[in-house]
Structures are given as structure tokens and as C-alpha cells.
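See below for the structure under consideration.
Number of protein chains: 2
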Amino acid sequence: MSSVTPANREGARPLRRDAERNRGLILDAARQVFASHGLDAGFDEIARVAGVGVGTVYRRFPERRDLVEALFEQEIDVVVARAEEAAADPDPWRGLSEFLHWGVESQAADRGLAEVLAAAGRGHERVARERDRLRPAVLSLVQHAQRAGVLRPDVGELDLGLVVAMLGRVGGPERADLRHRLVTVVLDGLAVRRDAPTPLAAVPASEDDLACVFEPSRPRR
Amino acid sequence: MSSVTPANREGARPLRRDAERNRGLILDAARQVFASHGLDAGFDEIARVAGVGVGTVYRRFPERRDLVEALFEQEIDVVVARAEEAAADPDPWRGLSEFLHWGVESQAADRGLAEVLAAAGRGHERVARERDRLRPAVLSLVQHAQRAGVLRPDVGELDLGLVVAMLGRVGGPERADLRHRLVTVVLDGLAVRRDAPTPLAAVPASEDDLACVFEPSRPRR
DNA sequence: AACGAAGTGGAACGGCCTTTCCGGTTCACC
DNA sequence: GGTGAACCGGAAAGGCCGTTCCACTTCGTT
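As you go down the protein sequences, you meet chains L and B in turn.
Going by UniProt numbering, the residue at position 122 of the first sequence is 122; the numbering climbs one at a time, nothing skipped.
Going by UniProt numbering, the residue at position 82 of the second sequence is 82; the numbering climbs one at a time, nothing skipped.
Below, the structure written as C-alpha cells:
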């Protein structure tokens with residue numbers, strides 16, 4: 001079980017060195033492009049960023065799904081780790097609220113990640129399986145906080161996921177100020193009881209107000 | 001200033017009767033199609049539903065914007081009325097929470113409305129002007145609740161709009177159960193103080209869990 | 001260094017959606 | 001009822017984007 005067997009996994013022969021390098025370039029490009037344009041980004045944009053031809057992208061990842069899954073597999077680890085870390089915090093409420101803030105910001109910064117986490121399922125069984133690795137971690141986070149009596153007992157780990165997804169879609173990448181306010185309000189709503197609201201930071205004089213706080217980079221129609 | 005002047009407004013002559021009727025049919029169709037497919041819906045779909053040719057839609061509304069604006073002008077009135085009604089409620093908290101629930105559901109039921117309210121601005125100056133009619137009404141709602149000491153004093157009317165928009169995007173039209181839970185949590189977060197959480201209705205055994213709770217009717221990719 | 005297999009780029013193809021255009025029809029007015 | 005202007009439908013043109021394909025290049029091997 002070593003050395004030069006030509007098949008490394010499932011009978012597939014290893015990629016030639018240049019192909020392997022291109023695969024990496026494509027994944028890096030896709031991460032970047034998906035993050036800013038979402039999962040619908042064109043393959044030619046990815047190819048352009050990667051510095052390869054479109055054909056190369058299609059040969060390596062014949063379906064969009066293949067690319068999404070390969071990327072997601074890398075990214076989900078970070079999220080799981082973060083959730084476990086939060087669950088291990090000696091102060092369960094701090095763990096919870098830090099995870100919430102972090103989760104919201106990472107989804108806001110990466111449209112692709114947000115879309116995979118929210119729309120996963122439907123056909124992407126591999127993605128669904130990966131995503132489910134997140135569930136026990138979040139569940140543990142929720143239970144710790146509930147046992148400590150700080151988190152309302154009638155919310156579940158799915159509610160928490162929903163809340164993160166929801167908040168992560170507020171504003172563009174640059175409107176962390178808006179999201180931060182709303183996260184604070186939601187956390188106040190998740191608490192078992194409190195005597196006064198957690199103070200909100202002021203919104204720095206936004207001229208355009210409510211306009212364009214969702215889907216800020218849509219093509220004009 | 002009466003009778004037969006050929007120009008009724010801004011020098012435009014009145015439409016022929018059949019044209020006027022078609023205009024109405026198109027608006028009705030557009031309302032319906034925008035509600036389910038969002039503002040990106042194709043003009044031919046609208047034409048099909050209206051029972052007219054595509055050409056007719058284009059002649060009456062040369063730009064998509066014209067159609068959106070004409071529709072929005074009709075719909076915003078309802079929202080404004082509802083906000084004023086809520087502000088006039090003798091129980092300010094009840095007014096606020098009923099408005100929140102209603103606003104969230106109406107946006108969830110009408111993707112087009114949600115998109116106009118959120119993305120308005122950019123170029124649609126007519127839409128922006130209409131939308132601003134909503135502001136004083138919501139402001140009054142907020143102030144009543146704050147003067148009564150039930151709504152936290154550090155949120156503004158823009159926060160409220162943001163919250164409605166955000167919650168309205170959770171789940172498909174059929175997942176009012178999920179939205180209802182989250183609205184309750186957010187309301188608990190908006191309250192000045194409370195001793196115990198408002199109880200949440202249980203989520204009716206959702207098998208698919210978190211999957212597909214956002215953008216539930218996207219084209220498969 | 002020479003050969004064959006694997007890999008590459010990007011032009012070309014095809015489907016989809018938006019927009020235009022025009023022969024025929026309907027309406028309003030005389 | 002006749003006339004002309006306004007209006008209509010839907011076919012066709014045009015543009016955009018995802019996908020395929022193949023002549024050429026690169027790599028690994030002998």
C-alpha cells in the first residue's frame with residue numbers, strides 16, 4: 001500500500017503535474033469569484049481569474065456542482081472548528097454571541113458560502129453530508145447555553161443556523177455596521193431574560209439609508 | 001380645464017379604450033408574475049399571463065423600470081395605510097408587532113415588492129420618492145412605541161424597515177412557520193425589557209431542515 | 001530526443017431571453 | 001359607414017452566456 005500505484009483513489013489515475021497545478025489555480029479563482037459574485041458566476045470569469053481557458057475548467061469540473069463541492073469541503077472545516085471552539089467557551093453566552101457575529105460576517109463576506117449553506121440539499125448530497133457535520137457542533141453550542149440558563153430553551157440548532165443565514169444577507173460586504181446592530185437585537189431576543197437592551201452602536205450617517213441594503217451588486221435591469 | 005383637451009397629463013393624449021384595457025391586464029399580470037418570479041421575470045411571461053403579445057407590453061412600458069414603478073405606486077399605498085393604522089393602535093406594542101408580522105408576510109408573499117423596497121434607489125428616483133412616503137408612517141409607529149416605553153430607544157425607523165426586509169426573505173412563501181418564530185425572537189429583542197421569552201410555536205416536523213430555506217425557487221444549476 | 005498520451009485554449013455552436021419591426025386589425029371620429 | 005391613426009400580435013433579429021470540440025502544446029516515458 002505505498003509508492004507508485006498509478007491509481008490513488010477509486011481507480012482514477014493521478015493528474016499530470018501541470019493539470020494538478022491548474023486544478024489548484026481554478027479552485028483558488030473559484031473561491032474568490034464565488035465569494036463576490038455568488039454561485040451563479042460564469043465559468044469564463046473563473047477561467048479568466050485562474051489564467052486558464054474555459055475548456056480547462058470544464059474538463060476538470062464538468063458540472064458546476066463538482067466545483068462547488070470541492071470548495072465547500074475545504075471551507076466547512078473552518079466553520080465547524082469555530083462552532084466547536086465557541087461551544088467550549090467557559091462563558092456559554094459569550095461563545096454563542098461571538099459565533100453569531102463571526103458566522104454572520106463570514107457569510108456576508110462570502111456569498112458563495114452563504115448560498116451553499118442555505119440552499120444546500122437538493123441534489124447536492126455530498127454538500128448536504130458535509131453541512132451536517134456542522135449540526136452537532138452547533139447543537140452542543142446551543143445546549144451549553146441553554147443548560148447555563150442564558151439561552152431561551154425553545155430554540156434549536158436549526159433556528160440558530162437560520163438566524164445566521166438571515167443576518168448574513170443584510171447589507172453588502174461593507175455594511176458590517178448594520179449587521180452588527182441587528183445581531184445585537186437578535187441576541188437580545190435569544191436571551192432568556194434581560195432588564196435592559198444591549199446598547200447599539202450608532203449607524204455612521206448612511207445617506208442612502210435603506211436603499212440597496214440587499215443584493216447590492218445585482219446587474220441593473 | 002375640462003372635457004376634450006387631448007392631453008390629460010404632461011401633453012400625453014389619453015389611451016384608446018382597448019389600449020387602456022390592455023394596460024390594466026398587463027399590470028395585473030405583472031403584479032402576479034413579479035410576485036412569484038421576482039423583478040427579473042421575462043416580459044414574455046408577463047405577456048402570456050396578460051393574454052397579449054410581447055410587443056404590446058413593450059409599447060406600453062418600454063423599460064422594465066416603467067412597469068415596476070407603475071406597480072409599486074399602487075402597492076405602496078397599502079403598506080403606508082397599514083403602517084399608519086398600526087401607529088394609531090392604542091396599544092403601541094401590539095401595533096408594532098402586528099405590523100412586523102404583516103410586513104414580513106407580505107414581503108414573503110411578493111418577491112417583487114420585497115425587491116423594490118430593498119433595492120430601490122439606484123436610478124429609480126420615482127420609486128425612491130414613493131418609498132419615502134413610508135418613512136413618516138413607520139417613524140410615527142416607532143416613536144409611539146418608544147414614548148410608551150416598550151420599544152428600545154436606540155432603534156430607528158430604518159432599523160425597522162431593515163428587520164422587515166430581512167425576515168421577509170426567510171423561507172419560501174409556504175414557510176410562514178419559520179418566519180413567525182424568528183419575528184417573535186426579534187420582537188423580544190426589540191422590547192425594552194422582559195422577564196421571560198415569548199413562547200415560540202413549534203416548527204412542524206420539517207424533514208428537509210435548514211435546506212432550501214432561502215431562495216427556494218431558484219433555477220437549478 | 002522522440003513518441004504518444006494527457007492536457008490546453010479559445011473559437012464556434014446553440015439555446016435562451018430581450019427587443020424590434022411590420023402587416024394586419026381595431027377604434028374613434030367625421 | 002368610411003377613413004386614418006393608433007394599436008396589436010408574434011415572428012424574426014440581435015445579444016448574451018453556457019458548453020463543446022479539436023488543432024496544437026506540454027509532459028512523462030523509453
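All C-beta atoms in this analysis are idealised placements derived from N, C-alpha and C, irrespective of residue type, glycine included.
Cutoff 9 Å: residue i Cβ touching any chain B Cβ
| i | result |
| --- | --- |
| L167/L | yes |
| G189/L | yes |
| R82/L | no |
| L71/L | no |
| V142/L | no |
| L100/L | no |
| L113/L | no |
| L200/L | yes |
| V57/L | no |
Chain L contact for residue i (CB, 9 Å cutoff)
| i | result |
| --- | --- |
| T184/B | yes |
| L158/B | yes |
| L178/B | yes |
| L162/B | yes |
| P197/B | yes |
| D154/B | yes |
| R181/B | yes |
| R193/B | yes |
| Q203/B | One detail in the question is off: residue 203/B reads as Val in this sequence, not Gln. Taking Cβ atoms only, chain L reaches closer than 9 Å to V203/B, which makes this a yes. |
| V54/B | no |
Length of the line joining the Cα atoms of residue i and residue j
| i | j | result |
| --- | --- | --- |
| R64/L | R129/L | 18 Å |
| P6/B | F61/B | Note that P6/B has pLDDT 32, beneath the 50 cutoff, so the model's placement of it is unreliable and no number is given. |
| L160/B | G24/L | 44 Å |
| E69/B | R31/B | 11 Å |
| D66/B | E73/L | 44 Å |
| L134/B | E174/B | 27 Å |
| V57/L | D132/B | 47 Å |
| A47/B | A81/B | 31 Å |
| P199/L | V78/L | 30 Å |
| V185/B | I76/B | 27 Å |
| V142/L | V49/B | 48 Å |
Residue from the options with nearest C-alpha to residue i
| i | options | result |
| --- | --- | --- |
| P92/L | A191/L, A202/L, V203/L | A191/L |
| F34/L | R94/L, G112/L, L158/L | G112/L |
| G149/B | A30/B, R194/B, A202/B | R194/B |
| G53/L | G95/L, A29/L, W102/L, L200/L | A29/L |
| G172/B | A114/B, G51/B, L27/B, L96/B | A114/B |
| S97/B | R147/B, A196/B, V164/B, E20/B | V164/B |
| G156/B | R94/L, L15/L, V203/L | V203/L |
| D110/B | L71/B, E85/B, A145/B | L71/B |
| P153/L | A83/B, P197/B, E20/B | P197/B |
For residue i: DSSP bridge partner residues
| i | result |
| --- | --- |
| R194/B | R194/L |
| L151/L | A191/L |
Worksheet entry | Validate contact between the stretch 102-109 of chain B and the stretch 153-169 of chain B using beta carbons, cut 8 Å, 3 pairs | yes
Discussion item. Three or more C-beta pairs under 8 Å: does that hold for the stretch 112-119 of chain B against the stretch 32-48 of chain B?
Written reply: yes
Fill in: Cβ pair count under 8 Å reaching 3, the stretch 132-144 of chain L against the stretch 176-183 of chain L
The stretch 132-144 of chain L vs the stretch 176-183 of chain L: no contact.
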